[in-house]
Amino acid sequence: MEEPILTLENVNKKIGKHHIIKDLSFDVYPGEVFGFLGPNGAGKTTTIRMIVGLTNVTSGEIKINGSSISKDYKKAIENVGAIVENPELYPYLSARKNLIHFGRMSKNVTEEDIQQRLELVGLDHVKDKKVKRFSLGMKQRLGIAQAMIHNPKILILDEPTNGLDPAGIRQMRDYLRGVAKKENIAILVSSHVLSEMELMCDRFAIIKEGKLVQVEDVSNESNEEVVSSYRMEVNEVEKAKVFIEEQLDTTVEIQDGMLKVQVSKEGIGKMVSSLTRNDIIIYQVIREKQTLEDRFLQATSQEVS
Amino acid sequence: MLLKLIQNEWMKLFNRISTYIMLGILVLGVSVTAIVIFFNQTESSELPSEEEWKSELQQSNVNLEANLDDMVGGFDNYYLRSFYENELAINNYRIEHNLSPHEETNVWSYIDINTALVSLIGVFVIIVGASIVAHEFNKGTIKLLLVRSVSRTQILASKFITTILFGLFLLAILFSLSFIVGSILFGFDGSSIHLSAIDGEVKERSRILFLGLSYLSSSVTLLMLTAFSFMISTIFRSETIAIALSVMFLFIGTNATSILALFTDWAKYSLFANTDLQVYFADGPMIEGMTLGFSIAVLVIYFVIFLYLAFIFFKKRDVSI
Numbered sequence: 001m002e003e004p005i006l007t008l009e010n011v012n013k014k015i016g017k018h019h020i021i022k023d024l025s026f027d028v029y030p031g032e033v034f035g036f037l038g039p040n041g042a043g044k045t046t047t048i049r050m051i052v053g054l055t056n057v058t059s060g061e062i063k064i065n066g067s068s069i070s071k072d073y074k075k076a077i078e079n080v081g082a083i084v085e086n087p088e089l090y091p092y093l094s095a096r097k098n099l100i101h102f103g104r105m106s107k108n109v110t111e112e113d114i115q116q117r118l119e120l121v122g123l124d125h126v127k128d129k130k131v132k133r134f135s136l137g138m139k140q141r142l143g144i145a146q147a148m149i150h151n152p153k154i155l156i157l158d159e160p161t162n163g164l165d166p167a168g169i170r171q172m173r174d175y176l177r178g179v180a181k182k183e184n185i186a187i188l189v190s191s192h193v194l195s196e197m198e199l200m201c202d203r204f205a206i207i208k209e210g211k212l213v214q215v216e217d218v219s220n221e222s223n224e225e226v227v228s229s230y231r232m233e234v235n236e237v238e239k240a241k242v243f244i245e246e247q248l249d250t251t252v253e254i255q256d257g258m259l260k261v262q263v264s265k266e267g268i269g270k271m272v273s274s275l276t277r278n279d280i281i282i283y284q285v286i287r288e289k290q291t292l293e294d295r296f297l298q299a300t301s302q303e304v305s
Numbered sequence: 001m002l003l004k005l006i007q008n009e010w011m012k013l014f015n016r017i018s019t020y021i022m023l024g025i026l027v028l029g030v031s032v033t034a035i036v037i038f039f040n041q042t043e044s045s046e047l048p049s050e051e052e053w054k055s056e057l058q059q060s061n062v063n064l065e066a067n068l069d070d071m072v073g074g075f076d077n078y079y080l081r082s083f084y085e086n087e088l089a090i091n092n093y094r095i096e097h098n099l100s101p102h103e104e105t106n107v108w109s110y111i112d113i114n115t116a117l118v119s120l121i122g123v124f125v126i127i128v129g130a131s132i133v134a135h136e137f138n139k140g141t142i143k144l145l146l147v148r149s150v151s152r153t154q155i156l157a158s159k160f161i162t163t164i165l166f167g168l169f170l171l172a173i174l175f176s177l178s179f180i181v182g183s184i185l186f187g188f189d190g191s192s193i194h195l196s197a198i199d200g201e202v203k204e205r206s207r208i209l210f211l212g213l214s215y216l217s218s219s220v221t222l223l224m225l226t227a228f229s230f231m232i233s234t235i236f237r238s239e240t241i242a243i244a245l246s247v248m249f250l251f252i253g254t255n256a257t258s259i260l261a262l263f264t265d266w267a268k269y270s271l272f273a274n275t276d277l278q279v280y281f282a283d284g285p286m287i288e289g290m291t292l293g294f295s296i297a298v299l300v301i302y303f304v305i306f307l308y309l310a311f312i313f314f315k316k317r318d319v320s321i
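Chains B and H, in that order, are what the protein sequence lines are. Under full-length UniProt numbering, the first residue of the first sequence carries the number 1, and numbering increases by one thereafter. Under full-length UniProt numbering, the first residue of the second sequence carries the number 1, and numbering increases by one thereafter.
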């Protein structure tokens, strides 16, 4: 396995008496889009602020590319490009001047880099327009250009699709996924819009009340051994139920005139072929996919001790 | 790196409309004084004759001496006494050397009048100093600014230096504009000597040097007030509080201190008793026993405290907007 680009180890944050973040630990690897989910007020933004050094860590360690953000700030932050909440750019400067401004703050950013980034986010034609005339989508894109101007190894985006229309969201998603794979950079995205995260992320962490609830892959059903539940529409429901229970030794429920079974991927294949061999017609087999939303609600509603 | 940051701040400053409004007001101020002075200028024919101004000065000397006599045994105050003594000395010097206090309006007297506009620059620099930090917080751009491999100290330093440079830039504009306008409208006829007295001893100085000194020493006040408004805006993140407090001090600071000086010597530790370094080259300090070294030390201490507080707060605080 590759070295993680971002590591959080038992990170805690207290403000006054409030314990906002409790023992948070996770890793983010190069080339992946990592989703950071949680209900409002769970501590997503606080965590992101700590990662980029806007807020001090009470205890624990955050390392970016091996350098601690609290002890070796400059070296750690060199690898980071970030948008925290809204992309707040200077409204009275043009898009190009905004990028020149942030480019000057890092080493080795040339005019060509700026031009290239403008083209990549599709703002080349409006580069001399003042940002206050930009739409929200354009600002978001300029925000990303700004975050990537110094070729960071990790991109940290807090709610990047906030306020975008569906076309804008899709564009953003394609762009981010493309960037992660092409330039092999890690992207940490926080959001509470789950359907979007499902399409964008490779892995995700869920936090609730400052605690990590779980870290998972988005598509964990590819594994052959994992048992999922399947629904099946057949011509003779009762006959099929008896057949499966007797011959295949699997419990079957009947729900809305459909058979419901809990088997592995391999199991469902066998079941289908033996049913067809016994003259039972199968119209459709549906795997009941647990959506990210189900998992999110499941994770955030159960009490974690 | 610091140079690039200053470049950035300068770029932001000159892409904002308010900066051009300030420049416009300054140019307007110079043109207003030019027009007013032009239509009220003293011609050589209007100047009082030698006898007239000499008797005028002698009359004022009689009054000054009477004031000084009153002080003996009565209410004795260093500030007032040195003021009377120095006036007296200058008047005598004028009578002896035949130097009339009256003159035709000329480029020097015009530049001298325009020192009043330095307070205007003071206000502008305070506004810039107060907004250069608070603005980043209001707009939220501070987050993008801090999430870079530049230390917070460097960012704040670049902002302070930019504010000071902006002040010097305005002073240079005022001085050169006054010189150009003055020399075109009023010409160079007039005394090129400036008289001042310390401890009753009169000194002659080149006038342009004196004017240069008075512009520079007025920038000391500017520097201190910039540091002050900078500190307030960094700590409270509010442009309004910073501007209000600093402008108030700019206009009443010196007067309040001279009133205070009538009652107590402690006034010499006040910031405003020390901002006007020109007194050491001209009319002597407000309070007995103050020296140039003392004033510089007091100023440095205030300056360090202001900036230290600004930097400490800026460095330590969590950014939560």
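Even for Gly, the Cβ is constructed at its ideal location relative to N, Cα and C. This structure is a prediction, so every number in the text was calculated from the model and none was measured.
- List the endpoints of the continuous alpha helix (DSSP H) containing D70/H. 50-71
- Message: Among the candidates A167/B, V234/B, S274/B, whose CA atom is the shortest distance from the CA of Q255/B?
- Response: V234/B
- Task: Whole angstroms is fine: what's the gap from V304/B's alpha carbon to I69/B's?
- Result: A caution first: V304/B carries a pLDDT of 44, below 50, which makes its placement in the model unreliable, though a value can still be read off. Going by the C-alpha atoms only, they are around 29 Å apart.
- Message: I'd like to know whether the C-beta of H101/B is nearer than 9 Å to at least one C-beta of chain H.
- Response: yes
- Query: Whole beta strand (DSSP E) runs in the stretch 248-303 of chain B with 3 or more residues, listed along the chain?
  - Reply: 253-255, 258-263, 282-288
- Quick one: grab the DSSP three-state call for H101/B. helix
- Item | Completely contained beta strand (DSSP E) runs for the stretch 63-150 of chain H, where each covers 3 or more residues | none
- Pick out whichever of K239/B, T250/B, Q262/B, I64/B has its Cα sitting closest to the Cα of D279/B. K239/B
- Apply the 10 Å Cβ neighbour rule to I180/H and answer buried if 16 or more other Cβ atoms are within range, or exposed otherwise. exposed
- Item | Neighbour list for V36/H in chain B, Cβ cutoff strictly below 9 Å | Near V36/H there are no residues of chain B at all, since even the closest Cβ is about 35 Å away, more than 9 Å.
- Cutoff 9 Å: K159/H Cβ touching any chain B Cβ: no
- Of the residues E65/H, N274/H, W53/H, D318/H, which one's Cα is nearest the Cα of V300/H? N274/H
- Message: Against chain B, does S131/H count as a neighbour if the rule is that its beta carbon must be under 9 Å from one of theirs?
- Response: no
- Query: With 16 other CB atoms within 10 Å as the buried threshold, where does G293/H fall?
  - Reply: exposed
- Message: For I121/H, which residues in the same chain have their Cβ closer than 8 Å to its Cβ, ignoring the five residues on either side in sequence?
- Response: L26, G167, L170, L171, L174, L222
- Task: Just tell me which of F124/H, G140/H, V125/H, S119/H has its CA closest to the CA of E88/B.
- Result: G140/H
- Item | is_contact[T141/H, chain B] using C-beta, thresh 9 Å | yes
- Which partner residues does M232/B have in the DSSP bridge list? L259/B, V285/B
- Query: Rounded to the nearest angstrom, how far is the Cβ of S229/H from that of I243/H, given a contact under 8 Å?
  - Reply: 7 Å
- Under a CB-based cut-off of 9 Å, is T55/B close to chain A? Given the protein chain composition of this structure (B and H), no chain A is represented.
- Task: Count the other CB atoms, across all protein chains shown, that sit within 10 Å of the CB of S217/H; report buried if there are 16 or more and exposed otherwise.
- Result: buried
- Task: Would you mind stating whether G244/B and V261/B have Cβ atoms separated by less than 9 Å?
- Result: Checking the sequence shown, residue 244/B turns out to be Ile, not Gly. Yes, they are a contact pair.
- Message: Output needed for I83/B: all residues of its chain with C-beta closer than 6 Å, excluding positions within five of it in sequence on either side, in chain order.
- Response: G143, A147, L157
- Task: In angstroms with no decimal places, state the Cα-to-Cα distance between I287/H and Y79/H.
- Result: 6 Å
- Message: Counting only C-beta atoms, is N40/B closer than 9 Å to chain H at any point?
- Response: no
- Query: To which residues of the same chain is I90/H closer than 8 Å at the C-beta, ignoring the five residues directly before and after it?
  - Reply: L195, S196, A197, V202
- Task: Figure out for me which residue from K22/B, M200/B, Y29/B, I62/B has the closest Cα to the Cα of G43/B.
- Result: K22/B
- Query: If you draw a straight line from the C-alpha of residue 327/H to the C-alpha of I193/H, how long is it?
  - Reply: This structure cannot settle anything about residue 327/H, because the visible part of chain H is limited to 1 through 321.
- Query: If you drop the 5 nearest sequence neighbours on each side, which residues of the same chain put their C-beta closer than 7 Å to that of S238/H?
  - Reply: A134
- With T105/H and Y215/H assumed to form a contact (beta carbons below 8 Å), what rounded beta-carbon distance in angstroms separates them? About 19 Å separates the two Cβ atoms, so there is no contact after all.
- Item | Contact check, A130/H vs S233/H, beta carbons under 9 Å | yes
- Message: Using C-beta distances below 8 Å, list every residue in its chain close to T45/B, excluding the 5 sequence neighbours before and after it, in chain order.
- Response: V84, E85, D158, S190
- Cβ shell of L185/H (< 7 Å), same chain only, five flanking positions each side left out: A34, F38
- Query: Nearest to I20/B by CA position, among T47/B, D27/B, V33/B, is which residue?
  - Reply: T47/B
- Cβ contact (3+ pairs, closer than 8 Å) linking the stretch 199-211 of chain B and the stretch 26-34 of chain B: yes
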